[in-house]
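Residue numbers (UniProt numbering), protein chains in the order written: chain A, 1 to 524; chain B, 1 to 621.
Here a beta-carbon is modelled for each residue, glycine too, at the ideal position from N, C-alpha and C.
Here the structure is a predicted model, which is why all the values come from computation and not from measurement.
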Amino acid sequence: MTLELVRAHPGRETLITRLHTYWASSSPPFVHIYDPTTPQDTSQIIQTLLSQLQEQSSVVLDATECVTPKLVFDRILNGLAEWTPDWDAGSTNWASNASGERYNGSIDAFIHGLRVLHREKQKPMIIVVTHAERLKENIAGVVIPLSRLRDLTSLPISVVFHSRTPWEEVRPAIGSAVVPEILHISALGPEGEVATSAQYAHRSPTNPDIVATLQLQFEQLVDDSSPNPFHSIFRGLFNSYVETISNTSMPSTQDLNDVGYIAATHWPLFVSPLINDWVYFNEIGEEYEIPSDASGRLYSMFRQSIGSSIRQLHPRHVDALSWNAKLPRDLFQLRLSQGARSTASARKEDGNTQFANLVRLPTLSRYILVASYLCSFNPTRMDARILGQMRDPTKRSRNTKARKPRPGTALKIGSMLSGPGSFGHDRLWAVSGALLEVFGSNENPPWANSFTAPGAFSEEEVTRVHFISQIEMLVSRRLLIRSNQQEKIEVQAMYRCGITMEQASAVSESLSIKLGPLLHEETV
Amino acid sequence: MVYMRGGDIGHRQSIAFSHLGKHLDLYKANGRFRSDANGNLGTEAAPSSRVADRFGSDDRQSLINDLNLRLLKTNAVYTSTLLPNALSNLQTALKALIEGFIRHHDHQKRRSTVSVATYDMQLLCSWFTWVSNRENEVPRLVALIPDLESCTANVVHDLLHISRNYCDRLPLTFILGASSADVLTTMFGRATRKILTVTKFVLPTEEHRFEMLIQRIFLDPSFTPSLIPSGRVTSWLHYSWSRFHGSLDSFISHVQLIYLRHFQNPLSILWSDNSFGLESLADRIQLGEVEEAGEFLQDLATSLDAITPSMETFLQLSGKAIDDFNTRLQTAKRSFHLLLVTQAYLRELSQQNHASELGISFIKLVGLFGDGRLEEIYPKLLKRIQQVAFSISCHAKTTGRQISDELVDETFLAQIERFRHEVHTTEQTEEQSKQRHPIGEDIATQLRDMQTMDSWLKHPLSAVWRTADVELPIDMLNPSMRNVVLESLRHPGSYLLHDVTSTSNTTASQSSMNGQETTRRGGPVTNPDICILFARYADAGRTINVYDWFESFVQGLEAGRPQSTKSKAEFSEEGWRREAYARFMWALHEMDMLGLLRWTGRGTGKKGAECTGKVVWVTPE
């Protein structure tokens, strides 16, 4: 049985055999599986192994869910007793008899419950806690009792912690004398635990375990009924394809799931020229044979597309479905036999649509955003000068030559390098008002003419209630960052700009403002 | 006499957002995605969809509520709404999620000691098993998070992670509402995005939504609103919408205020709406008998050529007039639609050189319509349309534009279609292109009839159903805080309602309400100390010497000093000086708190309190 499992998970031989030995024969009281790279895969292995065990009762618990000790106790007892709470019966927990005895009140009650359960079942028990690092956050008090459960109950209980972090970080700072049996799972691949085996003796950049696993998954999906991407005829092509993907994505990720995700997303597109050919030949009633150079030609067709899909799919800027949906439909209509040499590439996102959500903000919010950018990257003393010049270009001060820095003074760091500076609410509204006065005057509503004093209307605009609520809205959207605590009333609210230069120029363009001349160090 | 009429706006709201009905299919679509995802290699996902909308938070709330109601009406769908305060820690989040689903069936009491906890997903599983056995089809669970940005990112991640663990047992779909479309990249890490399969849904732009609202509410020929906005009102609505909020709720409150303002117009006494069902309308006759109404009724009678200036006559007249008015308005709206369509069509033809009459925005056109000033542009349009057939046959431009606007009357629609059809089939022979095409004339005739477009305004009683250019209530909805503060400091009278300079009746009666204050002090009411101080502040130069200020303040106080006979005994000069000093300090600190002072650092003391700088310069009146 374990042989199948070993075959299904290349590179995890040691883990599977060791866990199997532990649980089948002499289980150590407490095992910590330290698995920094492939936790998802490992937990799948554990689940499968546990489901194969007949002699033991077992439970798997996700520590993320464990917000209180009561929940941990309930889960463990219900799981070990294979008890499902019934809604009609009031969703009660497992209890030995109808008396409704509770075992979740304290650790002592829980131990008592375990003893009662063992008396009923007479089976060794296995408790697996995944994401064990989370235990420390919510219920640190339970970690030690759980790790010493065999000592406390003197029952054949084996506790397994499965975590991304080493035991030293999972255990609480004080009161931990237990030394677990530590199982360190290394990354898949040549340096991994299987590296020495003769099967993968040759060293290549390809991660053999990942390739092997993905090939196995392909085998599971094989469907020979009609021309489709998972037809067994494509097996050889798929193998080389997976190697290519694995190599290409090597710099970004070596995670089996991530590589699998990218490979699976791209595969239907990758084979579509062949399938189109095949369907075409079927229609005209001829036999179709995959050309011998198909792999190379397909790869040269989709080289760019594969690269861009890794860049987008790995950080999950898009998920597989939307990535596929975004592809132009005619890309799937290509046929290999027609020798389409044109390199197909996924359509790039338009610059305009990228910032569409900023450009759609109400006008005043956009003024605030531009003002916040100016406030963060311009020195305060330049505000009046720059905006004054904008208003009256004849007053342009003579461009003074850059002064030589006096020897001995510290080198000045450019504002673009030092990051956004923080500024007060007063400055924000003053700069917004100035921008509105200089650039927004032709958008003013008809009744603005009733304000005779220069700038009075703009001043009123930027002191309105909605202006302040717009600032709060921008803060909540994380486009503006509040840099001091909100609770303090006496202190003036301080902000920092939260947008990049590209975003700022997109916003200012939408207001027909040129950002460059407004910046002290002109960079746009 | 005030009528609030939000009713038809509320009704229209659902129409305006009918396109959101797509949401209803979202959860079904997600089910499909999930099976796709499982079919692929190594693709793991808890289904989730996202509403990335651009509303203010109020609107998003109501949108999600609306969605929630619709989902609840669908068979075998259960929803749970998670508000930001629930998503501050994981335990409350889980509890809120579970309780949201089970709340309809949670009748029997569970004993907290022996039952599973309320934040335990086992509870949800047991409920789900029970519900699935009861229903014919497998129910779907939809969790709605209306305001994602206000939630704690870690908690949301944990919640999604836990939901993923139950992916095979519970068909959960999350609908997340956020105000920015890229919230998942700005707020969450890759780990969270990995859990989700996201369907994005972005709402139409604000400008588009506004046009849609105006069209559906005020310009739809099949719907008669109880009030037609004038140009000024439309531009104000547009101004607030585009500049400040872009939110439907604010729009509704703005329209309500416009209604309120409209009923300050005495003519609105003739306004009635049967669908409104107000019983108090009988009062109108009584109102007409009030003494003050006599003059108004007389004026009305002369302008309407009525024989007897009585309320009953006017009501009868207005009853007849409303039908006439509505018919005229209906025709005007249809013509207006024809104008819009023509304008849009012409604009398509001449994409490069937009003539000014083609470039006029929709909002401006609506404004012109409301003011009956469309004749400013239509001669130009007329001229252009007569040339159009000629230019079209030259360019033979084929445009696939369809009139999808079902609002346009069918007869007009037929005409436009015929016009288009003929334009496209026209062959490009020299002869024909030289001729002026008769279709242009057809449309021109139609447009010439547009003179009917302001006939509704010429109706003698049109002011009853059209908002006049009333003073816009912008300072009620969106006041300028700074101006309010400064204004109140300069003219406290109008705020404290003891403005003696005002002679109007209302103010006088209100100040008599305030009379206690006046009599207690036994003399004319003095301004508050801070206003005395501020008056000197406004007159000062760049900086103010605090001691001089104090001296001047004392002089100001002297004017309002109590002049009672016992004063010599009770108020010694020393005591008075001390009181003045205390009051000065009080007022000074108040001004400091308001942020009106900037301490220069000159002199001794913590703030260098000898001299203070001014930060506010008030324009002299």
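Test item: CB-CB of residue i and residue j under 8 Å
i         : j         : result
GLY231(B) : GLY100(B) : no
GLY288(B) : SER310(B) : yes
LEU486(B) : VAL615(B) : no
VAL465(A) : ASN478(B) : yes
SER422(A) : SER505(A) : no
ARG477(A) : SER180(B) : yes
HIS20(A)  : ILE45(A)  : no
TRP271(B) : TRP465(B) : yes
LEU533(B) : LEU597(B) : no
GLY11(A)  : LEU188(A) : yes
VAL279(A) : VAL507(A) : no
Residue i to residue j span [Cα, whole Å]
i              : j         : result
LEU461(B)      : LYS364(B) : 25 Å
MET501(A)      : LEU511(A) : 15 Å
THR313(B)      : VAL202(B) : 54 Å
THR153(A)      : LEU114(A) : 8 Å
THR612(B)      : GLU509(A) : 41 Å
GLN47(A)       : VAL59(A)  : 9 Å
residue 527(A) : HIS131(A) : No information on residue 527(A) is available, as it lies outside the stretch 1 to 524 that chain A covers here.
TYR495(B)      : GLU291(B) : 31 Å
GLN435(B)      : ARG297(A) : Residue confidence is low: GLN435(B) scores 47 on pLDDT, short of 50, so the model does not pin down where it sits. Its coordinate-derived value is still stated next. Cα to Cα, the separation comes out at about 59 Å.
LEU338(B)      : GLY370(B) : 16 Å
THR199(B)      : LEU489(B) : 54 Å
MET476(B)      : SER250(B) : 13 Å
LEU5(A)        : TYR288(A) : 37 Å
GLU120(A)      : PHE234(A) : 54 Å
LEU219(B)      : ALA463(B) : 18 Å
7 Å Cβ cut-off: residues of chain A touching residue i
i         : result
ARG243(B) : PRO362, THR363 and LEU364
ASN165(B) : ASP62
ARG190(B) : PRO315 and ARG316
THR186(B) : ARG478
Per DSSP, cross-strand counterpart(s) of residue i
i         : result
TRP599(B) : THR612(B)
GLY424(A) : MET494(A)
ARG482(A) : TYR495(A)
ASP62(A)  : THR130(A)
THR228(B) : With the sequence shown as reference, residue 228(B) is identified as Ile, and Thr is not the correct amino acid for it. ARG466(B).
MET250(A) : According to DSSP, MET250(A) bridges with nothing at all.
TYR78(B)  : LEU141(B)
LEU172(B) : LEU141(B)
SER163(A) : TYR34(A)
THR205(B) : According to DSSP, THR205(B) bridges with nothing at all.
THR92(A)  : SER115(B)
TRP464(A) : Residue identity differs from the one stated: residue 464(A) is Arg in this sequence, not Trp. In DSSP, ARG464(A) forms a bridge with SER480(B).
Where residue i meets chain A, residues with beta-carbon distance less than 9 Å
i              : result
residue 651(B) : Nothing can be reported for residue 651(B), as the shown portion of chain B is limited to 1 through 621.
Proximity test, residue i beta-carbon vs the ligand ADP heavy atom, cut-off 7 Å
i         : result
THR600(B) : Absent from the structure shown: the ligand ADP. Ligands present: none.
Beta-carbon neighbours of residue i, restricted to chain B and to distances below 8 Å
i         : result
ALA95(A)  : VAL114
LYS70(A)  : ALA117
SER322(A) : VAL198, THR199 and LYS200
ASN207(A) : Near ASN207(A) there are no residues of chain B at all, since even the closest Cβ is about 14 Å away, more than 8 Å.
THR463(A) : SER480, MET481, ARG482 and ASN483
Amino acids of chain B, ordered along the chain, whose beta-carbon sits closer than 7 Å to that of residue i
i         : result
GLU460(A) : SER480 and ASN483
Interface partners of residue i on chain A, CB under 8 Å
i         : result
ARG529(B) : The displayed chain sequence assigns Asp, not Arg, to residue 529(B). Within chain A, no residue comes near ASP529(B); the closest Cβ sits about 22 Å away, beyond 8 Å.
Neighbouring residues, chain B, relative to residue i (Cβ below 9 Å)
i         : result
GLY90(A)  : GLN108, LYS109, ARG110, ARG111, VAL114 and SER115
HIS466(A) : SER240, ARG243, PHE244, HIS245, SER250, LEU477 and ASN478
Between the stretch 230-250 of chain B and the stretch 358-376 of chain A, are three or more C-beta pairs nearer than 8 Å?
-> yes
Using 8 Å as the Cβ pair cut-off and three pairs as the minimum, do the stretch 120-137 of chain B and the stretch 177-197 of chain B touch?
-> no
Please confirm if the stretch 301-313 of chain A is in contact with the stretch 167-176 of chain B, defined as three or more CB-CB distances below 8 Å between the two stretches.
-> no
So, do the stretch 101-110 of chain A and the stretch 136-146 of chain B have three or more beta carbon pairs nearer to each other than 8 Å?
-> no
Check whether the stretch 72-83 of chain B touches the stretch 52-66 of chain A, taking contact to mean three or more Cβ pairs, one atom from each stretch, closer than 8 Å.
-> no
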